[in-house]
Amino acid sequence: MSRQVGLSLFWRVCLINTAVFLVGVVLLAATPATISSPVEASEVFLLAGWLALIVAANAMLLRVVLSPLDRLRQLMGDVDLLRPGQRLPEEGNGPTSALVGSFNAMLTRLEAERATSAGRALAAQEGERRRVAQELHDEVGQSLTAVLLGLRAVADRVPPDLAPEVLAVQETARASLDEVRHVVRRLRPGVLDDLGLVSALTSLAGEHARLTGARVHRRFSPSLPDLDDRVELVVYRVAQEALTNVARHAGAGCVELELTETGEGAALLLRIADDGRGMDGEPEGAGLRGMRERALLVGADLSFSTNGIRGTDVRLQIPLVPGPVTP
Numbered sequence: 001m002s003r004q005v006g007l008s009l010f011w012r013v014c015l016i017n018t019a020v021f022l023v024g025v026v027l028l029a030a031t032p033a034t035i036s037s038p039v040e041a042s043e044v045f046l047l048a049g050w051l052a053l054i055v056a057a058n059a060m061l062l063r064v065v066l067s068p069l070d071r072l073r074q075l076m077g078d079v080d081l082l083r084p085g086q087r088l089p090e091e092g093n094g095p096t097s098a099l100v101g102s103f104n105a106m107l108t109r110l111e112a113e114r115a116t117s118a119g120r121a122l123a124a125q126e127g128e129r130r131r132v133a134q135e136l137h138d139e140v141g142q143s144l145t146a147v148l149l150g151l152r153a154v155a156d157r158v159p160p161d162l163a164p165e166v167l168a169v170q171e172t173a174r175a176s177l178d179e180v181r182h183v184v185r186r187l188r189p190g191v192l193d194d195l196g197l198v199s200a201l202t203s204l205a206g207e208h209a210r211l212t213g214a215r216v217h218r219r220f221s222p223s224l225p226d227l228d229d230r231v232e233l234v235v236y237r238v239a240q241e242a243l244t245n246v247a248r249h250a251g252a253g254c255v256e257l258e259l260t261e262t263g264e265g266a267a268l269l270l271r272i273a274d275d276g277r278g279m280d281g282e283p284e285g286a287g288l289r290g291m292r293e294r295a296l297l298v299g300a301d302l303s304f305s306t307n308g309i310r311g312t313d314v315r316l317q318i319p320l321v322p323g324p325v326t327p
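Sequential numbering of the sequence shown, starting at 1, is according to full-length UniProt numbering.
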């Protein structure tokens, strides 16, 4: 941003005050009014009227000059880097406009730095998830499989009175193995890598219905565009977090999961809506803010609409036309 040259705010206020009082003095001198000694009551009212007029004019001019500072102070208190695009209009070419321009430029830099650092953190998180999932699959999963095979071999040779106990241990090991596999799928969605986004979302919907008993209505566009791996992972993680929130907090009986194109192919819309308890008045937790950070990585817009009676509607809209996407 170019550096604006002009009078400082201090000198502008001084000049405004000087001009107002000078005009007041000239107007008072040009009138036939006189001030006697001692001052009469009528003259007191005249002086008070002139003083009120000068103060009012001064206040109006200062309000015009300083009003951008009030808007700047309000934006500084409300700004949230997870909701980019909050800017003040740069009007005029005075010092307040230069200050507003500098603040807008600072917000742009902070948003870019926040998105970059969040991208690196989430990439590191995905890498760690992949490593942990691989270790769980290779180490814990194989160990539990070996335990199950050993218990199956032992179960054929134990006395009848010990068979129920061996069977109980075998069921516990099998349940533990299923839980490990479930954790591995959540840490790293292999179905996303192997079968694609639609199959991964279908798997999420089926798992949600199985765990919660809710009805899940799926709707996917028949011809979705090709998406890069990063966009697919963002869509999957947002859907996963949204369904997790529904399962934990909403108590919903019906969930809608949609992935469609909007605006004649200009954007991709992911929508997760439920009929459970809304979140009116509740602050955004780490899960929702994490969803916002992921949305920023692909230049997407994430919105929540909620009603205490009709549940929550989560929408992730990703532009498909070339645009400013944070690396």
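Backbone N, C-alpha and C fix where the C-beta goes; we use that ideal spot for every residue, glycine too.
Own chain partners of residue i with C-beta closer than 7 Å, once the 5 adjacent residues on each side are dropped
i, result
"G276", "V246, A250, G251, A252 and G311"
"V216", "A205, H208, A209, V255 and L257"
"L75", "Q86 and L88"
"V298", "R230, V231, V234, I318 and V325"
"V100", "P68, L72, L88 and E90"
"L167", "A155"
"A30", "none"
"L144", "A173, S176, L177 and V180"
Residue i, DSSP secondary structure in three states
i, result
"D161", "coil"
"E261", "strand"
"P319", "strand"
"residue 329", "The structure shown has nothing for residue 329, since the chain only spans 1 to 327."
"residue 335", "There is simply no residue 335 to check, as the chain begins at 1 and stops at 327 in what is shown."
"R73", "helix"
"residue 328", "What the structure shows of the chain is the stretch from 1 to 327, and residue 328 is not part of that stretch, so it cannot be assessed."
"R3", "Note that R3 scores 44 on pLDDT, short of 50, meaning its location in the model is unreliable; the coordinates nonetheless yield the value given after this. The answer is coil: DSSP assigns R3 none of H, G, I, E or B."
"S199", "helix"
"S42", "helix"
"D138", "helix"
"T326", "Summary for T326: the model assigns pLDDT 42, below 50, so the residue's position carries little reliability; its value from the coordinates is reported in the next sentence. In this structure, T326 counts as coil in the three-state DSSP scheme."
"R219", "strand"
"V314", "strand"
"A266", "coil"
"A155", "helix"
"A105", "helix"
"A214", "coil"
"A273", "strand"
"V147", "helix"
"A19", "helix"
"V298", "coil"
"V255", "strand"
"D226", "coil"
"M279", "coil"
"S292", "It is Arg, not Ser, that sits at residue 292 in the sequence shown. Helix, per DSSP."
"G285", "coil"
"V184", "helix"
Closest residue to residue i among the options (Cα-Cα distance)
i, options, result
"V198", "N17, P225, H182 and R188", "P225"
"L302", "R289, L316 and E293", "L316"
"V79", "A98, M106 and R63", "M106"
"S176", "L201, H137 and D193", "H137"
"F103", "G77, G196 and R120", "G77"
"S223", "L268, E241, V140 and R188", "L268"
"F220", "V147, S42 and E261", "E261"
"A286", "T244, G278 and V23", "T244"
"residue 337", "V180, E135 and I272", "In the structure as shown, the chain starts at 1 and stops at 327, and residue 337 therefore has no counterpart that could be examined."
Own chain partners of residue i with C-beta closer than 6 Å, once the 5 adjacent residues on each side are dropped
i, result
"T212", "A247"
"S305", "D313"
"I16", "L61"
"A118", "E293"
"V184", "A133, L136 and H137"
Residues near residue i in its chain [Cβ-Cβ closer than 8 Å; skip 5 each side]
i, result
"G323", "Since pLDDT at G323 reaches only 45, below the 50 mark, its modelled position is unreliable, and no value is offered."
"V20", "I54, A57, N58 and L61"
"L227", "L197, V235 and L268"
"V132", "L187"
Cβ of residue i within 8 Å of any chain B Cβ
i, result
"S143", "No chain B appears in this structure, which consists of one protein chain only."
DSSP beta-bridge partners of residue i
i, result
"S305", "D313"
Original post:
Does the region 127-137 come close enough to the region 163-174 that 3 or more CB-CB pairs lie under 8 Å?
Top reply: With a cut-off of 8 Å, the region 127-137 and the region 163-174 do not count as touching, because too few Cβ pairs lie within range.
Original post:
Using 8 Å as the Cβ pair cut-off and three pairs as the minimum, do the region 107-124 and the region 144-160 touch?
Top reply: Taking 8 Å as the limit for Cβ pairs, the verdict is that the region 144-160 does not touch the region 107-124.
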